[in-house]
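First the structure, in the form of structure tokens, and then the observations on it.
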Amino acid sequence: MLAVPGIAYFAVFHYSAFVSNIIAFKQYVPFEGIWASPWAGFSNFSRLFGDPSFWAAAWNTLAISALQLVFFFPLPIALAVLLHSLAWKSVRTVFQSIIYLPHFISWVIVIALFQQILGGAGLLNGLLSDGGMHAVNIISNPGSFKPLAVAEIIWKDCGWGTIIFLASLANVPEQQYESAALDGCGPWGRFWHITLPALRPIIILLLIMRLGDILSVGFEQFLLQRPAVGPQAAEVLDTFVYYRGVLGGDWGFSAAAGLFKGVIGAILVYSANKIAHKMGEEGVYQ
Numbered sequence: 001m002l003a004v005p006g007i008a009y010f011a012v013f014h015y016s017a018f019v020s021n022i023i024a025f026k027q028y029v030p031f032e033g034i035w036a037s038p039w040a041g042f043s044n045f046s047r048l049f050g051d052p053s054f055w056a057a058a059w060n061t062l063a064i065s066a067l068q069l070v071f072f073f074p075l076p077i078a079l080a081v082l083l084h085s086l087a088w089k090s091v092r093t094v095f096q097s098i099i100y101l102p103h104f105i106s107w108v109i110v111i112a113l114f115q116q117i118l119g120g121a122g123l124l125n126g127l128l129s130d131g132g133m134h135a136v137n138i139i140s141n142p143g144s145f146k147p148l149a150v151a152e153i154i155w156k157d158c159g160w161g162t163i164i165f166l167a168s169l170a171n172v173p174e175q176q177y178e179s180a181a182l183d184g185c186g187p188w189g190r191f192w193h194i195t196l197p198a199l200r201p202i203i204i205l206l207l208i209m210r211l212g213d214i215l216s217v218g219f220e221q222f223l224l225q226r227p228a229v230g231p232q233a234a235e236v237l238d239t240f241v242y243y244r245g246v247l248g249g250d251w252g253f254s255a256a257a258g259l260f261k262g263v264i265g266a267i268l269v270y271s272a273n274k275i276a277h278k279m280g281e282e283g284v285y286q
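Residue 96 in UniProt numbering sits at position 96 of the sequence shown, and the numbers go up by one each step.
Encoded structure:
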């Protein structure tokens with residue numbers, strides 16, 4: 001019974017909606033409906049793969065995903081290990097509560113906060129002006145947008161990402177650490193031989209899932225900042241689909257882009273899961 005709401009959510013908003021991907025092969029007209037709209041074959045995909053703006057959005061998506069994988073993915077692990085090492089549980093609880101809070105702040109407020117600090121009239125430029133130095137506008141600079149986007153997601157979700165790793169570390173008996181310390185094992189040795197093996201299965205699982213979402217880096221975060229830096233820097237596949245489909249009315253074309261993204265994600269998950277099995281790990285599924 002507890003699983004029913006979750007099953008219903010995926011059944012209604014994911015599996016039943018999957019049938020609507022057929023509009024990627026149609027010249028879809030909303031007033032005529034999915035089945036009455038004329039067939040277009042693979043013409044939507046031909047236009048998609050011949051569109052330079054699609055490849056630019058795909059490149060931006062892959063670049064931001066790679067930056068997130070390198071700089072964001074390891075940080076919740078390191079932060080969870082650091083929190084787990086705190087001896088005082090009351091201090092650990094306070095720190096956990098503080099680092100969880102940014103996750104519940106909307107992207108509108110997060111971006112406004114970064115604007116107040118790094119924008120043209122923000123705190124940073126105020127300090128630079130007081131020191132007689134040139135002002136910099138990081139927020140509206142296309143060249144610095146990708147690192148800025150990664151910094152925003154780190155600030156917002158790094159603390160929240162520690163939950164699953166802390167849950168894994170909570171299952172490690174304290175006696176193992178105590179026994180290792182008595183045997184002369186230092187902090188690095190205890191991390192390498194006790195902490196890391198406990199985290200390895202969940203790290204591999206989350207890495208596989210992250211690879212499946214490599215073409216999904218977020219929507220609201222980039223939609224809100226796209227006007228400031230321009231589509232050449234902030235256009236990702238999700239915003240590309242939104243502007244071409246929802247606003248532009250080219251539903252079949254945008255559905256083709258979304259279906260392409262889903263197929264690539266499925267292939268990556270399948271391949272990464274196979275590699276995990278060869279490494280002796282369980283992976284996402286058997």
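Backbone N, C-alpha and C fix where the C-beta goes; we use that ideal spot for every residue, glycine too.
Note that the structure is a prediction, hence the values are computed from the model and not measured.
Nearest to LEU211 (by Cα), restricted to the options ALA24, ALA56, TYR28, THR61: Taking the sequence shown and counting its residues from 1, one reaches residue 211 at position 211. Nearest in C-alpha terms to LEU211, of all of ALA24, ALA56, TYR28, THR61, is THR61.
How big is the Cα-Cα spacing for PRO147 and ALA228? Counting from 1 along the sequence shown, the entry for residue 147 is found at position 147. Counting from 1 along the sequence shown, the entry for residue 228 is found at position 228. About 15 Å.
So, is ALA272 buried or exposed, given that buried needs 16 or more other C-beta atoms within 10 angstroms? For the purposes of this step, residue 272 is identified with residue 272 of the sequence shown, where counting begins at 1. So ALA272 counts as buried.
Secondary structure of TRP35, DSSP reduced to three states: In the sequence shown, counting from the first residue as 1, residue 35 sits at position 35. Residue state, collapsed to three classes: coil.
Considering only C-alpha positions, which residue in the set PRO197, ASP157, TRP160 is nearest to GLN176? Here residue 176 corresponds to residue number 176 of the sequence shown, with the count starting at 1. Residue PRO197 is the option with its Cα nearest to GLN176.
Hey, which unbroken runs of the beta strand (DSSP E) at 3 residues or more fall wholly within the stretch 148 to 191? none
For GLN115 and ILE275, what's the separation of their Cα atoms in angstroms? The residue you call residue 115 lines up with position 115 of the sequence shown. The residue you call residue 275 lines up with position 275 of the sequence shown. Whole-angstrom Cα-Cα distance: 42 Å.
How about ILE204 and GLU281: do their beta carbons lie closer than 8 Å? Walking along the sequence shown from the start, residue 204 turns up at place 204. Walking along the sequence shown from the start, residue 281 turns up at place 281. Contact: yes.
Using a 10 Å radius around the Cβ and a threshold of 16 neighbouring Cβ atoms, would you call ALA24 buried or exposed? Translated into the one-based positions of the sequence shown, residue 24 becomes position 24. Answer is buried; the Cβ neighbour count reaches 16.
Of all the alpha helix (DSSP H) runs that stay within the bounds of the stretch 28 to 75, which reach a length of 4 or more residues? 43 to 49, 52 to 67
With a CB to CB cut of under 6 Å and the five nearest residues on each side skipped, what residues in its chain are close to HIS84? Within the sequence shown, residue 84 is the residue found at index 84, counting from 1. Here the set comprises LEU169.
Can you find the residues in the same chain that come closer than 6 Å, C-beta to C-beta, to GLY122, ignoring five residues on each side of it along the sequence? The residue labelled residue 122 in the question sits at position 122 within the sequence shown. Cβ within range, chain order: GLN116.
Can you give me the start and stop residues for the alpha helix (DSSP H) that TYR270 sits inside? Working through the sequence shown from its first residue, we reach residue 270 at position 270. Residues 251 to 278.
In whole angstroms, what separates the C-alpha of GLY184 from that of TRP192? The residue you call residue 184 lines up with position 184 of the sequence shown. The residue you call residue 192 lines up with position 192 of the sequence shown. Rounded to the nearest angstrom, the two C-alpha atoms are 14 Å apart.
Separation of TYR9 from GLY33, as counted between CA atoms: Translated into the one-based positions of the sequence shown, residue 33 becomes position 33. Translated into the one-based positions of the sequence shown, residue 9 becomes position 9. Taking the straight line joining both Cα atoms gives about 24 Å.
Since PHE49 contacts PHE240 with CB under 8 Å, what's their CB separation in whole angstroms? To locate residue 49, count along the sequence shown from 1; it is residue 49. To locate residue 240, count along the sequence shown from 1; it is residue 240. 13 Å between Cβ atoms; not a contact.
Taking one C-beta from the stretch 247 to 260 and one from the stretch 74 to 84 each time, how about it: are there three or more such pairs within less than 8 Å? no
Does the stretch 56 to 71 touch the stretch 212 to 231, meaning 3 or more C-beta pairs lie closer than 8 Å? yes
Beta-bridge partners of PRO26, as assigned by DSSP: Residue numbering aside, residue 26 sits at position 26 when the sequence shown is read from its first letter. Before going on, a small fix: residue 26 reads as Lys here, not Pro. Note: LYS26 sits in a beta bridge opposite TRP39.
Starting from GLU220, follow the alpha helix (DSSP H) in both directions and report where the run begins and ends. For this step, residue 220 is matched to residue 220 along the sequence shown. That run of the alpha helix (DSSP H) goes 220 to 229.
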